[in-house]
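Participant: Can you keep this structure in mind? I'll have questions shortly.
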Amino acid sequence: MSEMTSAYNGTLMNSQSTFQISTIFLLFSLFFLQPCVAKAEEPMAWRIRDIASAPVDVVQLRDKRDRVIASMATKQLLLIYSAMVAIQEVAEINAELFVVDGKEPNAFATVGKDDQNVIGFTFGMLALIGMDVDAAAGIIGHELAHLKLDHMKERKKAIENSSRTTFTAASSKYTRDNERESDYLGAIWALEAGYDPAGAVRVHEKLYKISKRQVGFSGSHPSSIERLTILKSLVRRLSK
Ligand SMILES: [Zn+2]
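Position in the sequence shown (from 1) plus 3 gives the number in this note's numbering.
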């Protein structure tokens, strides 16, 4: 993973307020995310730790050509980043957290070229979560569990074994068992780290509604009514 450019430019937008906009272009190469797709377009990614620590209220994310791709509230990313730190400690596993361009609400976990664990949230997922830190904690717990339980390896094997057929959306998904294990462990870690495990239910309810509305919606962690039911009963048991 290579850091391409790095710059902070604080500009005072309005002299009557302390509101500041910063341009930040910390673009990372996340090409390894889709190793099976030969001509995949390289997704743009920015490290959440960098954005969260920017000394401004809003950070503009720019592409290589310096075009503004999105504006992010540092307050939201700071909340998410602190949940990440707390859950990593409970889970005893480390990962770097990224925001990745993409309107579809999705999150993923993967291992980088240099064996670094990576978790990504798309713009769509950040919009879906908003300031619901318990929801963020649920997603982070879930993704860290995929890494801790080495589900990537199982997924790769399944893809290799699929007799070199085209890499389909279906084969890019984790198995249902993997999802269930990660939901379980993720909820426990979120709770241990001091977050409400019901946050995970809230996210999945929203994702489920979107998947019903949009034909062809395919996150890498599909929400289904079965999954929601299991997750809800788990949270009920944990909350007792
Ligand atoms: Zn998953």
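Ideal Cβ placement from N, Cα and C applies to all residues, glycine included.
On the criterion of 16 or more Cβ atoms from any shown chain inside 10 Å, does Glu182 qualify as buried, or is it exposed?
Facilitator: buried
Participant: Please work out which residues of its chain come closer than 7 Å, Cβ to Cβ, to Ala94, disregarding the five sequence neighbours upstream and downstream, and give them in chain order.
Facilitator: Only Leu147, Lys151 and Trp192 meet the Cβ criterion.
Participant: Is the beta carbon of Met128 closer than 7 Å to that of Asn97?
Facilitator: no
Participant: By how many angstroms is the C-alpha of Thr125 removed from the C-alpha of Phe28?
Facilitator: Annotation note: pLDDT 46 at Phe28 (below 50); position unreliable, no value reported.
Participant: For the putative contact between Ile132 and Val206, defined by C-beta atoms under 8 Å, what is the C-beta separation to the nearest angstrom?
Facilitator: 7 Å
Participant: So for Arg68, helix, strand or coil by DSSP?
Facilitator: coil
Participant: Between which two residues does the alpha helix (DSSP H) carrying Ile83 extend?
Facilitator: Thr77 to Ala94
Participant: Say the cut is 6 Å; is the CB of Glu182 nearer than that to a heavy atom of ligand 1?
Facilitator: yes
Participant: Are the beta-carbon atoms of Ala48 and Val103 separated by less than 7 Å?
Facilitator: yes
Participant: Can you find the residues in the same chain that come closer than 6 Å, C-beta to C-beta, to Leu81, ignoring five residues on each side of it along the sequence?
Facilitator: So the qualifying residues of the chain are Ala55.
Participant: Rounded to a whole number of angstroms, what is the C-alpha to C-alpha distance between Leu237 and Asp53?
Facilitator: Between Leu237 and Asp53, the C-alpha separation is close to 34 Å.
Participant: Whole angstroms is fine: what's the gap from Ile90's alpha carbon to Tyr84's?
Facilitator: If you take the alpha carbons of Ile90 and Tyr84, they lie about 10 Å apart.
Participant: If I follow the unbroken beta strand (DSSP E) through Val121, where does it start and stop?
Facilitator: Element bounds for Val121: Asn120 to Thr125.
Participant: With respect to 6 Å, is the separation between the Cβ of Ser227 and the closest non-hydrogen atom of ligand 1 below this value?
Facilitator: The answer is no for Ser227.
Participant: Just the C-alpha distance for Lys209 and Asp153, rounded to the nearest angstrom, thanks.
Facilitator: 27 Å
Participant: Excluding five sequence neighbours on each side, which residues of the same chain lie with their C-beta closer than 7 Å to the C-beta of Gly141?
Facilitator: Gly189, Ala190, Ala193, Pro200, Gly202, Ala203 and Val206
Participant: Cβ of Tyr177 within 6 Å of any heavy atom in ligand 1?
Facilitator: yes
Participant: Could you tell me the distance, in whole angstroms, from the CA atom of Ala130 to the CA atom of Gln79?
Facilitator: 10 Å
Participant: When you compare only the Cα positions, how much space is there between Ile233 and Gln217?
Facilitator: 23 Å
Participant: Beta carbon of Val121, beta carbon of Ala86: below 7 Å?
Facilitator: no
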